[in-house]
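Participant: Attaching a single structure in structure tokens format; questions to follow.
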Amino acid sequence: MALVAMSGTLVGVDGVPIQVEIDLLRRLPSVVIVGLPDGAVRESAERVRSAIQQAGFEFPRKRVVVNLAPADVRKCGTAFDLPIAAGILAVSEQVSRQRLEGTMFFGELSLEGLLRRIRGALPLTLMAREQGATRVILPLENAAEAAVVDGIEVMGASSLDEVVEWMEGRRELAPTQAAPSPPEAGSSLDLAEVRGQARARRALEIAAAGGHNLLMVGSPGCGKTMLAARMPGILPSLAFDEALDITRIWSVAGLLPEGQGLMTRRPFRAPHHTISAAGMVGSASLRPGEVSLAHHGVLFLDELPEFSRHVLELLRGPLEDRAITLTRAAGTVRLPAGAALVAAANPCPCGYLGHPSRPCACAPAAIERYRARLSGPLLDRIDLQVWVQPVEAESLSRGAPGEASSAVRARVERARSHQSQRLQVLGIAARNNAELAGSAIRTAADPSPEALRVLESTMERLGLSARAWARMLKVARTIADLEGATRVEGPHMLEACSFRLPEGERL
Ligand SMILES: [Zn+2]
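Just so you know, our numbering puts 395 at position 398 of the sequence shown, and the rest follows in order with no gaps.
See below:
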């Protein structure tokens, strides 16, 4: 008598198949949902009962037992409403069960029986294809993102009524086609609008070419935010698998614009400094945080020392591993968090330390306290550190426009293609220089003896850690790649070392 409808749940950014097994027992009428359901799944019973009655069917006057298997996976969210409703109607023989075969169901039901948008439709559909399902049925609002997956029929429905008519063979649901991707426009902000700032622009280009992290220090109004906002426009265009990675995370976060298929732009996230720890790295309910939403793009943290110390310390893991591990009762989950960090900071509390014309009003002790908010281990992980000076009024009005983003991006793409060819030849699993780890760093950089001497003497002079050593070598590798050089030579290393601020200028 029992019947199984296929569905799934999310673990991190992955879909996991779940069998929704439904049985009717001759006992007092009630609904029991077992198999590690969370609060939202337990509340499903009331939504399903109401939706079934609104659709003109009878809710069985028996004990309805819903068993979600396997039992050791925590089931979260509201996507089980639809498979539970479809299963109850089929097991009570009010609706044909024939079309359950090969179909996966996902969808939240309103009390009136309308299908509501769920989180994670893209990873759930990818999972359905892997499991060999023929089709998925889900809320119409989710159909565009799910249709990105080829090799499986994606059918959107707007109500339980429509799904029932389809199960009965009285109506066909039109398969949703993948939306044509909007033209790849990069970013509408162009570096041509930035005049002067040669050094900061160079740092931005290196950061983009190798996927490195960047800190800009300078007075308010000197253009740090303007520069950072132009970073996505000089990053290489998205590869399909990167676009899929990003869309998957945004799908799980429930942030995809309606009707959006694949995300075609690199994300630029700029959270305010008052953000909470859960907002930054993600929460126990497994909503991706800003570090994950910025995956394959840019995470811009303006006024870095104003962020809570706790939030900044939580960033150390993702900066090292390009992923964040969240712990919850049912175990740990890893979410991708491979954004390039671009941070900006004032040099002191008033902001004018080192300014050519305005005096700094801060007491030395206040400056020290301000700088102490950023820990050494965090700064160690920021590869490129640069002072940004205010541009004089004259060069703002009369100076030539800056080089356009398209020209910078062409160099970045060339440098990236040098990297990917080398990494492929060496058999190293990394996408760019910033992702190099362990002994692969030295192998890929292939530094000349002179480059190593420059590096050693800088380490000694600035008193840097072993972690900084590896990071400077990676930056030098990127500088050599921008030049098309096969090995890291002395001048590449000198330039890489110049992006580590000496004591006194360091935050
Ligand atoms: Zn000051």
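For glycine and all other residues, C-beta sits at the position ideal for the given N, C-alpha and C.
How many whole angstroms separate the CB atoms of residue 519 and residue 123, which I take to be in contact at a CB cut-off of 8 Å?
Facilitator: Within the shown structure, residues of the chain are numbered from -2 to 504, placing residue 519 beyond reach of any answer.
Participant: Assuming residue 51 is part of the alpha helix (DSSP H), what are its boundary residues?
Facilitator: Residue mapping note: residue 51 aligns to position 54 of the sequence shown, counting from 1. Per DSSP, residue 51 belongs to the alpha helix (DSSP H) from 41 to 51.
Participant: Around the Cβ of residue 218, are there at least 16 other Cβ atoms within 10 angstroms (buried) or fewer (exposed)?
Facilitator: Taking the sequence shown and counting its residues from 1, the one referred to as residue 218 is at position 221. It is exposed - the Cβ of residue 218 has fewer than 16 other Cβ atoms within 10 Å.
Participant: Drop a sphere of 10 angstroms on the beta-carbon of residue 38, count the other beta-carbons inside from all chains shown, and report buried for 16 or more, exposed for fewer.
Facilitator: By one-based count along the sequence shown, residue 38 stands at place 41. That one is buried.
Participant: For the beta strand (DSSP E) holding residue 333, just list the boundary residues, first then last.
Facilitator: Numbered from 1 along the sequence shown, position 336 holds the residue referred to as residue 333. Its beta strand (DSSP E) spans residues 328 to 333.
Participant: Compute the Euclidean distance between the alpha carbons of residue 24 and residue 157, then round it to the nearest angstrom.
Facilitator: Residue numbering aside, residue 24 sits at position 27 when the sequence shown is read from its first letter. Residue numbering aside, residue 157 sits at position 160 when the sequence shown is read from its first letter. Cα-Cα distance, rounded: 27 Å.
Participant: Could you have a look at residue 1 and say whether DSSP puts it in helix, strand or coil?
Facilitator: On the sequence shown, position 4 is the one that residue 1 refers to. If DSSP states are grouped into helix, strand and coil, residue 1 belongs with the strands.
Participant: What are the boundary residues of the alpha helix (DSSP H) that residue 440 is part of?
Facilitator: Numbered from 1 along the sequence shown, position 443 holds the residue referred to as residue 440. Taken as a continuous stretch (DSSP letters only), the alpha helix (DSSP H) holding residue 440 covers 436 to 442.
Participant: Confirm, please, whether the CB-CB distance from residue 296 to residue 308 is below 9 Å.
Facilitator: Your numbering for residue 308 matches position 311 in the sequence shown. Your numbering for residue 296 matches position 299 in the sequence shown. Taking 9 Å as the Cβ cut-off, residue 308 and residue 296 do not qualify as a contacting pair.
Participant: Any contact of the stretch 235 to 253 with the stretch 398 to 418, i.e. 3+ C-beta pairs under 8 Å?
Facilitator: The stretch 235 to 253 vs the stretch 398 to 418: no contact.
Participant: Leaving out five residues on either side along the sequence, give the residues of the same chain with a beta carbon under 8 Å from the beta carbon of residue 7.
Facilitator: Within the sequence shown, the letter at position 10 stands for residue 7. The answer, listed in chain order, is 13, 73, 74, 116, 117, 120, 121, 249, 283.
Participant: Express the C-alpha separation of residue 426 and residue 464 in angstroms, rounding to a whole number.
Facilitator: Locating residue 464 in the sequence shown gives position 467, counting from the first residue. Locating residue 426 in the sequence shown gives position 429, counting from the first residue. Going by the C-alpha atoms only, they are around 20 Å apart.
Participant: Determine whether the beta carbon atoms of residue 539 and residue 66 lie at a separation below 9 Å.
Facilitator: Any property of residue 539 remains undetermined from this structure, which presents the chain solely from -2 to 504.
Participant: Looking at the unbroken alpha helix (DSSP H) that takes in residue 411, where does it start and where does it end?
Facilitator: By one-based count along the sequence shown, residue 411 stands at place 414. Note, residue 411: alpha helix (DSSP H), 402 to 423.
Participant: Looking at residue 343 and residue 387, is the spacing between their C-beta atoms short of 9 Å?
Facilitator: Taking the sequence shown and counting its residues from 1, the one referred to as residue 387 is at position 390. Taking the sequence shown and counting its residues from 1, the one referred to as residue 343 is at position 346. No. Outside cutoff.
Participant: By DSSP, does residue 222 sit in helix, in strand, or in coil?
Facilitator: The residue you call residue 222 lines up with position 225 of the sequence shown. Residue state, collapsed to three classes: helix.
Participant: Have a look at residue 229 and residue 222 and give me their C-alpha separation to the nearest angstrom.
Facilitator: Sequence index remark: in the sequence shown, residue 229 carries index 232 (1-based). Sequence index remark: in the sequence shown, residue 222 carries index 225 (1-based). Whole-angstrom Cα-Cα distance: 13 Å.
Participant: Report the partner residues of residue 266 according to the DSSP bridge assignment.
Facilitator: For the purposes of this step, residue 266 is taken as the residue at position 269 of the sequence shown. BP columns for residue 266 point to 296.
Participant: Out of 360, 207, 482, 377, point me to the one whose CA is closest to residue 314's CA.
Facilitator: Walking along the sequence shown from the start, residue 314 turns up at place 317. Residue 377 is the option with its Cα nearest to residue 314.
Participant: Determine the DSSP secondary structure at residue 386, reduced to helix, strand or coil.
Facilitator: For this step, residue 386 is matched to residue 389 along the sequence shown. Three-state result, residue 386: coil.
Participant: Would you kindly check if the distance between the Cβ of residue 200 and the Cβ of residue 188 is under 9 Å?
Facilitator: Here residue 188 refers to the residue found at position 191 when the sequence shown is read from its first residue. Here residue 200 refers to the residue found at position 203 when the sequence shown is read from its first residue. No. Outside cutoff.
Participant: Which residue comes first and which comes last in the beta strand (DSSP E) that contains residue 12?
Facilitator: Counting from one through the sequence shown, the residue named residue 12 turns up at place 15. Unbroken beta strand (DSSP E) run through residue 12: 11 to 22.
Participant: Three Cβ pairs or more, each shorter than 8 Å: is that satisfied between the stretch 427 to 439 and the stretch 479 to 499?
Facilitator: Flag = no, the stretch 427 to 439 and the stretch 479 to 499 do not touch.
Participant: May I ask you to report which of helix, strand or coil DSSP gives residue 79?
Facilitator: Residue 79 sits at position 82 when you count from the first residue of the sequence shown. Residue 79: helix per DSSP, three-state reduction.
Participant: Any idea what DSSP makes of residue 279, helix, strand or coil?
Facilitator: In the sequence shown, the residue the question calls residue 279 occupies position 282. Residue 279 falls in the strand class under three-state DSSP.
Participant: Judging by CA-CA distance, which residue of 133, 203, 155 is the nearest neighbour of residue 109?
Facilitator: For the purposes of this step, residue 109 is taken as residue 112 along the sequence shown, with counting starting at 1. Comparing Cα positions, the closest option is 155.
Participant: Look at residue 138 and residue 168 and say whether their C-beta atoms are less than 9 Å apart.
Facilitator: In the sequence shown, the residue the question calls residue 138 occupies position 141. In the sequence shown, the residue the question calls residue 168 occupies position 171. No, they are not a contact pair.
Participant: If you drop the 5 nearest sequence neighbours on each side, which residues of the same chain put their C-beta closer than 6 Å to that of residue 98?
Facilitator: Against the sequence shown, residue 98 aligns to sequence position 101. Result list for residue 98: empty, nothing under 6 Å.
Participant: Going by alpha carbons, who is nearest to residue 54 out of 64, 83, 36, 30?
Facilitator: For this step, residue 54 is matched to residue 57 along the sequence shown. When each option's Cα is compared against that of residue 54, the closest is 83.
Participant: Drop a sphere of 10 angstroms on the beta-carbon of residue 78, count the other beta-carbons inside from all chains shown, and report buried for 16 or more, exposed for fewer.
Facilitator: Locating residue 78 in the sequence shown gives position 81, where the first residue counts as 1. By the 10 Å Cβ count, residue 78 comes out buried.
Participant: Under 8 Å: does the beta carbon of residue 442 sit that close to some heavy atom of ligand 1?
Facilitator: Residue 442 sits at position 445 when you count from the first residue of the sequence shown. No, Cβ of residue 442 sits at least 8 Å from all heavy atoms of ligand 1.
Participant: Could you please give me the residues that DSSP links to residue 213 through a beta bridge?
Facilitator: The residue you call residue 213 lines up with position 216 of the sequence shown. Answer is 341, 383.
Participant: Is residue 346 close to ligand 2? I mean its beta-carbon at under 8 Å from any heavy atom of the ligand.
Facilitator: With respect to ligand 2, the structure shown offers nothing to examine, as its ligands consist of ligand 1.
Participant: On the DSSP bridge list, what partners appear for residue 136?
Facilitator: In the sequence shown, residue 136 corresponds to position 139, counting from 1. DSSP lists 154 as partners of residue 136.
Participant: Check whether the Cβ atoms of residue 3 and residue 101 sit closer than 9 Å, and answer yes or no.
Facilitator: Here residue 3 is taken as the residue at index 6 of the sequence shown, counted from 1. Here residue 101 is taken as the residue at index 104 of the sequence shown, counted from 1. Yes. Within cutoff.
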